[in-house]
Structure formats: C-alpha cells, structure tokens
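Q: Just so you know, the working numbering puts the end of the sequence shown at 499, numbered straight through with nothing missing.
C-beta atoms are modelled at their ideal positions from N, C-alpha and C, and glycine is treated no differently.
Note that this is a predicted model, so its numbers are computed, not measured.
Below you will find the structure I want to go over with you.
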Amino acid sequence: MTRCAEDGCENEAAVELHIPWDANREVCPGHARVWAQKDGVVPAPMDGHEDKWP
Numbered sequence: 446m447t448r449c450a451e452d453g454c455e456n457e458a459a460v461e462l463h464i465p466w467d468a469n470r471e472v473c474p475g476h477a478r479v480w481a482q483k484d485g486v487v488p489a490p491m492d493g494h495e496d497k498w499p
C-alpha cells in the first residue's frame with residue numbers, strides 16, 4: 446500500500462497527480478480533490494483504485 450505523498454497524511458494513495466510545474470505525486474482522494482482545482486493539474490486514478498476516484 447502506498448501512502449499519500451502529502452506531509453502528515455497517513456491515508457492510502459489512490460490518485461496520481463500530473464503536475465506540470467513539479468514532479469507527479471501519488472495522493473489520497475481527499476488531497477487529490479484539492480489539487481485538482483489548481484490550473485494544469487490532472488488527476489488520474491491509480492491501477493486498482495478506479496472506484497475511489499470519480
């Protein structure tokens with residue numbers, strides 16, 4: 446199980462964020478929702494986690 450890349454978060458990562466100005470990150474759905482609102486960030490569900498991301 447991969448942990449969320451956000452500091453202090455112990456949740457399981459389920460979404461890979463493609464961030465044009467930084468390295469890609471694997472984060473939990475909660476943090477993915479926040480990041481997905483930023484211009485240029487593209488969220489993609491990780492393999493096996495498609496049901497956790499709309």
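1) Can you tell me which of E455, E461 and C454 puts its alpha carbon nearest to the alpha carbon of P488?
2) Looking only at its own chain, which residues have a Cβ that is under 8 Å from the Cβ of V486, when we skip the five neighbours before and after it?
3) Using DSSP's beta-bridge definition, name the partner residues of H463.
4) Start and end of the beta strand (DSSP E) containing R470?
5) Name the one or two DSSP bridge partners that R448 has.
A: Taking the coordinates as given:
1) E461
2) L462, H463, I464, P465 and W480.
3) Assignment of beta-bridge partners to H463 by DSSP yields V487.
4) R470 to V472
5) E457
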